[in-house]
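J.:
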Amino acid sequence: MRKPLSFTCVGLGLLLAACGGSSTTPGSAAPITIGVSVSLSGDFSGDGKALVQGYDLWAQDINKNGGLLGHKVTMKYVDDASSTQQVVTNYQTLITQDKVALVFGPFSSLLTIPASTVTDRYNYAFPEPAGGGPAVFTRGLHSIFFVQPAAVEDNLVSYTKWLLSLPSGQKPGVAQHLLRAARGGGG
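Here the sequence shown stands for residues 1477 to 1663, numbered as in my numbering.
#1: So, is Trp1638 buried or exposed, given that buried needs 16 or more other C-beta atoms within 10 angstroms?
#2: Thinking C-alpha only, which one of Leu1544, Ser1584, Ala1526 and Ser1559 is nearest Thr1468?
#3: With distances taken from CA atoms, which of Asp1523, Lys1548, His1547 and Arg1597 is nearest Gln1568?
#4: Short of 7 Å in beta carbon distance, which residues of its chain neighbour Asp1532, apart from the five on each side in sequence? Order them along the chain.
#5: Here's the rule I'm using: 16 or more other beta-carbon atoms within 10 Å means buried, otherwise exposed. How should Asn1566 be labelled?
#6: My assumption, with CB atoms under 8 Å, is that Ser1427 sits in contact with Ala1557. Please give the rounded CB distance.
#7: Please determine, among Ala1591, Lys1540 and Thr1595, the residue with the shortest C-alpha to C-alpha distance to Ala1577.
#8: Candidates Gly1607, Val1554, Pro1610 and Gln1624: which alpha carbon is nearest Ser1517's?
Structural data, given as structure tokens:
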């Protein structure tokens, strides 16, 4: 799994872990179904499949530790084919027909924007780990919760700071080359 996705999953886990950990055995109460529209095909399918892996790891961990409020978690995934129109249909169906208890966000700001409009209309909380573009957060919605460690425009800033903090011998070769070039030492 790529590092940014693992950080995303950790952020999602931290946000929702407070809801888990009940002493009730998972499965002793009706399961909680969480619906997600995810890109299993189309342009974002690689990232969508990785997102499913992260959500599944989270669900397994929550279930292993007592479930969510004492309920076993089951995930329901629906392919949005990386389409803004399909993501809207999927969240409407998950909420109004499938009647899932919770929804989690898809991959990318492009899909998160229309998805969050639907979830806001139905008053569903919308934790989302992979839609960090500024336009996601400038529409006045109050039900969207970003669980990624940094907004998209800041992702490389924290990585660069970490990279620069490494002792010279621990920096990857490409980074050492770029740092020498940036300092005027050539390549």
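Glycine included, every Cβ here is placed at the ideal spot set by N, Cα and C.
Keep in mind the model is a prediction, meaning the values are calculated, not measured.
T.: Answer, in terms of the structure:
#1: Sequence index remark: in the sequence shown, residue 1638 carries index 162 (1-based). Classification for Trp1638: exposed.
#2: Only positions 1477 to 1663 of the chain appear in the structure, and residue 1468 is not among them; the question remains open.
#3: For the purposes of this step, residue 1568 is taken as the residue at position 92 of the sequence shown. Answer by Cα proximity: Arg1597.
#4: Along the sequence shown, one-based indexing puts residue 1532 at 56. Around Asp1532: Met1551.
#5: Residue 1566 sits at position 90 when you count from the first residue of the sequence shown. By the 10 Å Cβ count, Asn1566 comes out buried.
#6: Lying before the first or after the last residue shown, residue 1427 is absent from the chain, which here runs from 1477 to 1663.
#7: Position 101 of the sequence shown, counting from 1, holds the residue named residue 1577. Measuring from the Cα of Ala1577, the nearest candidate turns out to be Thr1595.
#8: For the purposes of this step, residue 1517 is identified with residue 41 of the sequence shown, where counting begins at 1. By alpha-carbon distance to Ser1517, the top candidate from Gly1607, Val1554, Pro1610 and Gln1624 is Val1554.
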